[in-house]
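Numbered according to my numbering, the first sequence spans residues 1476 to 1899. Since the structure comes first, as structure tokens, the remarks are kept for the end.
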Amino acid sequence: MLQINVIREERKEIIASLQKRNFKEAEELIDKAIDLDKSRREKQLKNDDILAESNRLAKEIGALMKEGKKKEAEEVKVRTAALKKTSADLSAELEAVEQELKKVLYLIPNVPHESVPKGKGADDNISVHEHGSLPVLGEEAQPHWDLIKKYDIIDFDLGNKISGAGFPVYKGKGARLQRALINFFLDKAIEQGYLEIQPPIVVNEASGYGTGQLPDKEGQMYHMTLDNLYMIPTAEVPITNLYRDVILTESELPIKNVGYTPCFRREAGSWGAHVRGLNRLHQFDKVEIVRIAKPENSYATLEEMCNYVQGLLEQLELPYRKLLLCGADLGFNSALTYDMEVYAGAQKRWLEVSSISNFETFQANRLKLRYKNKEGKTQLLHTLNGSALALPRIVAAILENNQTSNGINIPKALWEYTGFKIIN
RNA sequence: GGAGAGGUGGGUGAGUGGCUGAAACCAACAGUUUGCUAAACUGUCGUACGGGUUAAACUGUACCGGGGGUUCGAAUCCCCCCCUCUCCGCCA
């Protein structure tokens, strides 16, 4: 959520920046917010004055009572009654305006960073870095959904039976590979100074609002209505919400957290030809890195996170490219996002395995996540997060790219974690 | 799930209707003193939204788990909810 005082001061610049997202209602919503804010301040000023008067009279009554001037006190009481009525009305109006303002603010996406290119869609994302050569596989190369059957390591039919589509069952070396990747990712992050967190994988409503899944992306999450809890779509939600309503001291910064969790996504209506096999699931595993940084450091932090994730992909010997997302493809909360895509040789497609974003103060404003700076002023922090990494598509690429007639070779970096070098 | 006890500022904790945004102590921060450290002393020390100012100073309102109510006036009284602790029940 953008800060209303910033909107007030930088109206023109914000509207212009939002054009990069092709966000048509930008000017309309920004102006609406400014109007509501003006009305809110007027009403508050009026109401505060009335309450101040009312407080004054209450003290006067107290004093009169003490002096035993009961009659005079009664006379003053009459005056407070009218004030009370006016204030009640004004408070109700104020409340309504505040709600309305909040609703409008919830509809306005984050302002893209100046380096974000305009664009119409995913095709306009810019590849800023590529690494590794694309695997050359023979005609007989199989996509991962065939390979997992051939070696009996991941079973969609079984998952279908006990849960439904998009809930695969990992077996044998498939299960072991998953576990190896999770441990590999966690260990590497810890080496880089990240603190491992094991958060709950269900969260309450307030947390959903804190990171921006609610109210607009309600359909993305599984909702347990009996207890009003949500299954997390990403570890970002619980880990970032750890810092909801928190004022950090400078010495606690920067925050570097890493967490492994299963992730749950309803992905309603998004099933089709491109999402076969492991490409898109309702439940998947992911290791997520979450950073909280001072504003002046956040873009250096973003670069550092990208370098870290790229290092992981290189250790896994996967060809990848790094995309700078254009305005049209940029997530609602994000100011700048890099996607990492690995190449899956048999599908001959790039698969997104990581999305690394700087949210600047957009989440922190909702979360009320601040720190006390050197001047002793409380100031919003910047939040960032990135997948490091999402497992299923990594598995898909490993399986497809490393297939041979003898079996599937496991990247060397994982050997100590898998305990085997080949799936056959 | 049942019964009881509680929830006050970063922490401990006082406060049962007005003089309380809240004592005291601890922690933290700044300073004084001191070869250094420690100690002592002095000061500062909640948040949000307004007004005001170039910026401050200054100033208004709200907030003592959350929401509602009683009252001229609520941390304090009443109701509902949430959470924590103890005991019981159930249980990986």
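Each residue gets a CB set at the ideal place from its N, CA and C atoms; glycine is no exception.
So the candidates are S1590, F1837, S1682, I1672; which of them puts its Cα closest to the Cα of Y1705?
A check of alpha carbon separations from Y1705 across S1590, F1837, S1682, I1672 identifies S1682 as the nearest.
Q1494 beta carbon near the ligand ADP (any heavy atom closer than 8 Å):
With respect to small molecules bound, the structure shown includes none, and the ligand ADP cannot be examined in it.
Looking at the secondary structure, which residues open and close the alpha helix (DSSP H) in which M1696 lies?
Per DSSP, M1696 belongs to no alpha helix (DSSP H) and is neither H nor E.
If V1762 and L1864 are in contact, beta carbons under 8 Å, what's the gap, nearest whole angstrom?
6 Å
Measure from the alpha carbon of F1837 to the alpha carbon of each residue in G1613, I1883, R1824, G1806, then state which is nearest.
The residue with the shortest Cα to Cα distance from F1837 is G1806.
Output yes or no for whether 9 Å exceeds the beta carbon distance between G1687 and R1496.
no
Taking just the CA atoms, how far does K1797 sit from V1591?
14 Å
Using CA atoms only, rank isn't needed, just tell me which of L1793, Q1822, V1870, A1810 is closest to S1608.
L1793
How big is the Cα-Cα spacing for I1601 and E1615?
As the crow flies, the alpha-carbon of I1601 is around 32 Å from that of E1615.
Alpha carbon of L1504 to alpha carbon of Y1626, nearest angstrom
55 Å
What number of angstroms, rounded off, separates the C-alpha of I1714 from the C-alpha of S1638?
27 Å
Report the partner residues of L1670 according to the DSSP bridge assignment.
N1732
I'd like to check one pair, L1576 with L1511: are the Cβ atoms closer than 9 Å?
Between L1511 and L1576, the C-beta spacing is below 9 Å.
Using the rule of at least 16 other Cβ atoms within 10 Å of the residue's Cβ for burial, across every protein chain shown, is A1556 buried or exposed?
exposed
Short of 8 Å in beta carbon distance, which residues of its chain neighbour F1642, apart from the five on each side in sequence? Order them along the chain.
G1634, N1635, L1756, H1757, Q1758
When we look at the beta-carbon of E1711 and count the other beta-carbons within 10 Å, is it buried (16 or more) or exposed?
buried
Using the rule of at least 16 other Cβ atoms within 10 Å of the residue's Cβ for burial, across every protein chain shown, is N1840 buried or exposed?
buried
Which residues does DSSP list as the beta-bridge partners of K1847?
DSSP, once it has assigned bridges, lists T1724, T1853 as partnering K1847.
Three-way DSSP call (helix, strand, coil) for D1691 in this model
coil
In terms of residues, what are the limits of the alpha helix (DSSP H) holding I1637?
First-last of the alpha helix (DSSP H) with I1637: 1631–1637.
Completely contained beta strand (DSSP E) runs for the stretch 1534–1621, where each covers 3 or more residues:
1601–1606
Reduced DSSP category for P1713 - H, G, I as helix; E, B as strand; rest coil:
helix
Given a cut-off of 9 Å, decide if K1843 and V1721 are closer than it, judged by their beta-carbon atoms.
Yes; because the gap between Cβ atoms is below 9 Å, this pair is in contact.
Rounded C-alpha distance that separates Q1729 from I1767:
Note that residue 1729 is Pro in the sequence shown here, rather than Gln. Distance between the alpha carbons of P1729 and I1767 is about 6 Å.
Return yes when the Cβ of F1631 is within less than 9 Å of the Cβ of V1611, no when it is not.
no
In angstroms, rounded to a whole number, what distance separates the CA positions of E1547 and K1559?
19 Å
Taking only runs that begin and end inside the stretch 1816–1893, name each unbroken alpha helix (DSSP H) of 4 or more residues, in chain order.
1837–1842, 1866–1876, 1890–1893
Spatial neighbours of L1539 in its chain, beta-carbon cut-off 6 Å, leaving aside the 5 residues before and after
E1547, A1548
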